[in-house]
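In our numbering, the protein residues as written are 57 to 455. Here the structure comes first, spelled out in structure tokens, and everything after it is commentary.
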Amino acid sequence: MDPIIQMMLQGYIDGLDTLKTSDEAILQEIEDLKKEMTAFGESQNDSSTFFTNFQNAGLMGKYMDLSTKVNLAAQAAEAPSENKQERHIPTPSEWLEPFRTAYDYIKNYPIRERGLAVYRKLFEIGDKHTNVTEFLAEVERENLLWKLCSEDTLGILDITLTGMDPLYKGLTYSTLRNIEAWKASICEADAYYQQDLFAEDNVKYPARLLQPEHYVICLGAHLIAYRGPQGKERIMEMIATGNCPRPEFMSKAAGMVITKQQARRTLDIIKKSLGLTFDDIISDEFLKWKLISTSNVYGLSRAYIQSNPNILDILADTVRNEIIPDISLVDSIRREASLNFGRWRMPEDPEYKKAEDIARQAYQHLPYFQYEDQLNNGSIHVGTGEGFDIKPLAGTSSR
57 MDPIIQMMLQ
67 GYIDGLDTLK
77 TSDEAILQEI
87 EDLKKEMTAF
97 GESQNDSSTF
107 FTNFQNAGLM
117 GKYMDLSTKV
127 NLAAQAAEAP
137 SENKQERHIP
147 TPSEWLEPFR
157 TAYDYIKNYP
167 IRERGLAVYR
177 KLFEIGDKHT
187 NVTEFLAEVE
197 RENLLWKLCS
207 EDTLGILDIT
217 LTGMDPLYKG
227 LTYSTLRNIE
237 AWKASICEAD
247 AYYQQDLFAE
257 DNVKYPARLL
267 QPEHYVICLG
277 AHLIAYRGPQ
287 GKERIMEMIA
297 TGNCPRPEFM
307 SKAAGMVITK
317 QQARRTLDII
327 KKSLGLTFDD
337 IISDEFLKWK
347 LISTSNVYGL
357 SRAYIQSNPN
367 ILDILADTVR
377 NEIIPDISLV
387 DSIRREASLN
397 FGRWRMPEDP
407 EYKKAEDIAR
417 QAYQHLPYFQ
427 YEDQLNNGSI
437 HVGTGEGFDI
447 KPLAGTSSR
């Protein structure tokens, strides 16, 4: 299972584990739901859409319904019999016992600090009161019972966000929008409404944000096909070595003609639809890496490695001196290249491991990577770092 999806899912499974009941039927329902959630988590591969899919699958509703059923069953068991004249009114401390049990369980996971902070706020209010009615009134005013769920979820989403490239708007948008939806929710019913709005919004805007990236990736593919090992690079090699079979030469030459026109047409589309020139693309800190062949080596598209060390300079030279001027095929072949592609890096090459080590060192302060490392080591700790801040619930204190 994806480690971030596992982290998200674990919050709900831990919540089910804290439900206390002696009813065998309900206990079986809890186990069945945990198995269903685990199977669902294993079927997901995109952490940015996990919460939407989780709700659409009806699992959020089942989780809420089962929690309510356990609480109602507990209340019914405590109801006075017909022979009893008085009913014991719990003190705030007694009322909080189930929450202390839950807190003691999840405090082993400091990654969930936002949720833990709400528990501490709840206990702080409990310490101030001896009358349970006054205590519950303040809890209601603070909306803490809802925040136990919403703040925990927001903490996990915030941490997930730190594993993403902040410049990758098409990837971060869904998570940021989901965070907005949870922040706007003030109760369970409102959360369902906000998630419906989020799902509708998520259909339209991420695709629009990804449009520049898709166009630029297509442009890069055409340019590499034209100039790379299957195009001009191969023809130059054939001529230099004297090993120039006519069928292969004609095939590579025809490919150069086709891919050159595809690149020109893509440049024209990018200019008309996005208002971007090629110089705009390579000066953009995000788009220039989408132009060339890169591979993600760390996190959720947090760090990339170029598949070829010279590729950006080669493509820039090709566009400015061959594609845009639209020189002939003969002039292109005659034009001596200042740089060659050389060997392409493959995922099994040591450069990939080196790039991952560099990225790990650069981003080790970010919560996503701290959690990922410490999850593997059996311990969890959360910090803050550049890119996105994680802020605890205002007005909380340590306990």
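All C-beta atoms, glycine included, are put in the ideal place defined by N, C-alpha and C.
Nearest to Ala188 (by Cα), restricted to the options Val195, Thr147, Glu198: In the sequence under discussion, the amino acid at residue 188 is Val, which differs from the Ala named in the question. It is Thr147.
Completely contained alpha helix (DSSP H) runs for the segment 126–214, where each covers 4 or more residues: 148–151, 153–162, 169–184, 188–198
Cβ-Cβ separation, Gln251 to Ala240 (assumed contact under 8 Å), whole Å: About 10 Å; that fails the 8 Å criterion.
Ile235 versus Ala296, Asp413, Glu207, residue with shortest Cα-Cα distance: Glu207
Range of the contiguous beta strand (DSSP E) that encloses Val353: 350–354
Tyr360, enclosing alpha helix (DSSP H) - first and last residue: First-last for Tyr360: 359–362, but that is the beta strand (DSSP E), not the alpha helix (DSSP H).
Alpha carbon of Glu196 to alpha carbon of Val174, nearest angstrom: 13 Å
Range of the contiguous alpha helix (DSSP H) that encloses Ser99: 80–99
Candidates Pro301, Asn352, Met57, Gln317: closest to Ala95 by CA position: Met57
Ser307 - containing alpha helix (DSSP H), residue span: 302–330
Between the CA atoms of Asn101 and Leu223 - distance to the nearest angstrom: 21 Å
At least three beta-carbon pairs within less than 8 Å, the segment 336–353 to the segment 267–276: yes
Buried or exposed by the 16-neighbour rule on C-beta atoms within 10 Å, applied to Gly355: buried
Extent of the continuous alpha helix (DSSP H) to which Ser339 belongs: 334–339
Val272 versus Tyr360: straight-line alpha-carbon distance, rounded: 16 Å
Reduced DSSP category for Met220 - H, G, I as helix; E, B as strand; rest coil: strand
Beta-carbon proximity list for Asp373, same chain, < 8 Å, skipping 5 on both sides: Ala393, Ser394, Leu395
Nearest candidate by alpha-carbon position, reference Tyr91, set Arg302, Glu407, Asp73: Sequence inspection shows Lys at residue 91; the Tyr mentioned does not correspond to that position. Closest by alpha carbon: Asp73.
Span separating the alpha-carbon of Gln66 from that of Gly171: 13 Å
Neighbour-count burial assignment, Asp88, 16 or more Cβ in a 10 Å radius: exposed
7 Å Cβ shell around Glu341 - same chain, five flanking residues per side excluded: Leu223
Local conformation of Lys76 per DSSP, three classes: coil
Sequence-distant residues of the same chain with beta carbon closer than 7 Å to Ile61, five excluded per side: Gly97, Gln100, Ser103, Phe106
Residue environment, Met402, which counts as buried when at least 16 other CB atoms sit within 10 Å: exposed
Buried or exposed (CB count within 10 angstroms, at least 16 for buried), Cys205: buried
Run of the alpha helix (DSSP H) containing Gly27, from where it starts to where it stops: A query on residue 27 cannot be resolved here, the shown segment of the chain reaching from 57 to 455 and no further.
Secondary structure of Glu404, DSSP reduced to three states: coil
For Gln420, three-class secondary structure by DSSP: coil
Given 8 Å, three or more beta-carbon pairs between the segment 326–339 and the segment 295–306: no
Segment limits, alpha helix (DSSP H) that includes Ile367: 367–374
Collapsed DSSP secondary structure at Met120 in the structure displayed: helix
Length of the line joining the Cα atoms of Tyr282 and Val259: 35 Å
When Phe179, Ile145, Lys328 are compared against Thr157, the one with the closest alpha-carbon: Phe179
Euclidean distance between Cα positions of Arg233 and Ile414: 31 Å
Met57 in three-state terms, based on DSSP: coil
Beta-carbon proximity check, Trp238 vs Leu210, cutoff 8 Å: yes
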